[in-house]
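Data block below; observations after.
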Amino acid sequence: MANIAQLASNADLFKNKWLSDVLLEVHGKDGDVAEFPAHRTVLVTKSAYFKKMFQEEGFMEAEEKVVQLKEVDLKYFEMALKWMYTEEEDEDDREKDTLTEVLEDSILLHRVADFYIIPDLVQHCVDRFHHDATNYLDLDTRSEEFQDALLAAADTYYEMNAEGDSKLGRCVVKLAQKAVWTQDRVGGLQDMLKKHPLFALDFALETTRQNAV
Numbered sequence: 001m002a003n004i005a006q007l008a009s010n011a012d013l014f015k016n017k018w019l020s021d022v023l024l025e026v027h028g029k030d031g032d033v034a035e036f037p038a039h040r041t042v043l044v045t046k047s048a049y050f051k052k053m054f055q056e057e058g059f060m061e062a063e064e065k066v067v068q069l070k071e072v073d074l075k076y077f078e079m080a081l082k083w084m085y086t087e088e089e090d091e092d093d094r095e096k097d098t099l100t101e102v103l104e105d106s107i108l109l110h111r112v113a114d115f116y117i118i119p120d121l122v123q124h125c126v127d128r129f130h131h132d133a134t135n136y137l138d139l140d141t142r143s144e145e146f147q148d149a150l151l152a153a154a155d156t157y158y159e160m161n162a163e164g165d166s167k168l169g170r171c172v173v174k175l176a177q178k179a180v181w182t183q184d185r186v187g188g189l190q191d192m193l194k195k196h197p198l199f200a201l202d203f204a205l206e207t208t209r210q211n212a213v
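Be aware that the sequence shown starts at 1, since it is given in UniProt numbering, and climbs by one per residue.
Here it is in structure tokens:
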């Protein structure tokens with residue numbers, strides 16, 4: 001965790017060409033391209049991905065002034081980049097209309113943080129997901145809106161995730177187990193478990209843990 005003085009200094013450098021020693025040319029999945037002036041010292045401190053890129057021999061990018069990143073979600077990459085400089089998010093980025101959108105937002109940001117190996121941001125996304133979901137679930141464990149949002153979140157997460165028993169995966173599973181699924185609603189959960197074998201594996205593993213207590 002950076003100290004306050006470091007964060008204040010880094011915040012001034014975010015998307016600032018002053019002292020920038022690398023330009024990130026980010027190609028979005030939709031074909032758009034964005035450029036971010038960046039600072040290697042910040043990137044290698046926060047991201048193991050960039051640390052390996054810039055510090056290990058044999059990587060062409062180690063000496064390049066312009067680094068191209070392909071097939072990136074531009075919105076969430078910029079949010080992750082800002083986190084590396086400030087350890088903060090813009091409140092405007094968090095304004096969503098539905099619980100489904102709120103939970104999906106955490107998952108999509110987590111995906112970028114996980115890919116670029118930004119441990120602090122990965123943990124932040126897990127904490128944020130748990131906080132938002134739990135606040136809603138505590139109001140009504142039978143809420144259909146919560147259950148639909150959680151199933152959508154599980155679908156989004158396990159569609160792209162190949163790591164079993166992850167922190168976010170366990171969080172999703174625990175919330176699914178805490179919710180009260182009525183007979184006419186449990187089919188949705190069962191269908192999602194069939195669709196994503198890794199979700200089913202995480203679900204079974206967490207059940208085993210709980211039974212062992």
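Even for Gly, the Cβ is constructed at its ideal location relative to N, Cα and C.
I'd like the list of long-range same chain contacts for residue i, defined as Cβ closer than 6 Å, with 5 residues on each side in sequence excluded.
{"i": "GLY188", "result": "LEU151"}
{"i": "ALA8", "result": "For ALA8, the predicted model reports a pLDDT of 48, less than 50, meaning its position is unreliable; a value from the coordinates is still stated below. Cβ neighbours of ALA8 beyond the five flanking positions: none."}
{"i": "LEU198", "result": "TYR158, GLY164"}
{"i": "LYS46", "result": "MET84, ILE118"}
{"i": "ARG142", "result": "VAL180"}
Using beta-carbon positions only, say whether residue i and residue j come within less than 8 Å of one another.
{"i": "LEU24", "j": "VAL67", "result": "yes"}
{"i": "ALA113", "j": "ALA80", "result": "yes"}
{"i": "GLU103", "j": "TYR76", "result": "A quick correction: the sequence has Leu, not Glu, at residue 103. No."}
{"i": "LYS65", "j": "HIS27", "result": "no"}
{"i": "VAL42", "j": "LEU13", "result": "yes"}
{"i": "ASN10", "j": "PRO37", "result": "no"}
{"i": "ASP132", "j": "MET192", "result": "no"}
{"i": "MET160", "j": "ARG111", "result": "yes"}
{"i": "ALA149", "j": "LEU99", "result": "yes"}
{"i": "LYS96", "j": "ASP105", "result": "yes"}
Apart from the five residues just before and just after residue i, which ones in its own chain have a Cβ nearer than 7 Å to its Cβ?
{"i": "CYS171", "result": "VAL126, PHE129, HIS130"}
{"i": "ASP165", "result": "ASP202, LEU205"}
Which partner residues does residue i have in the DSSP bridge list?
{"i": "GLN68", "result": "GLU25"}
{"i": "ALA154", "result": "Paired residues: none, contrary to the question."}
{"i": "VAL33", "result": "HIS27"}
{"i": "ALA38", "result": "VAL22"}
Below 8 Å CB to CB, which residues in the same chain sit around residue i once its five sequence neighbours on both sides are set aside?
{"i": "LYS167", "result": "VAL122, GLN123, VAL126"}
{"i": "ALA5", "result": "Its pLDDT being 44, under 50, ALA5 is placed unreliably in this model, and the value from its coordinates should be taken loosely. There are no such residues."}
{"i": "ASP32", "result": "LEU74"}
{"i": "GLN147", "result": "ALA179, TRP181, ARG185, GLY188, LEU189"}
{"i": "HIS196", "result": "ALA154, ASP155, TYR158, GLU159"}
{"i": "PHE115", "result": "TYR49"}
{"i": "LYS174", "result": "GLU206"}
Verify the CB distance criterion: does residue i have a CB-CB separation below 8 Å to chain B?
{"i": "GLU144", "result": "Note that chain B does not occur in the displayed structure, where there is just one protein chain."}
Query - Validate contact between the stretch 136-156 and the stretch 82-89 using beta carbons, cut 8 Å, 3 pairs - result: No, because fewer than three Cβ pairs between the stretch 136-156 and the stretch 82-89 fall closer than 8 Å, the two stretches do not touch.
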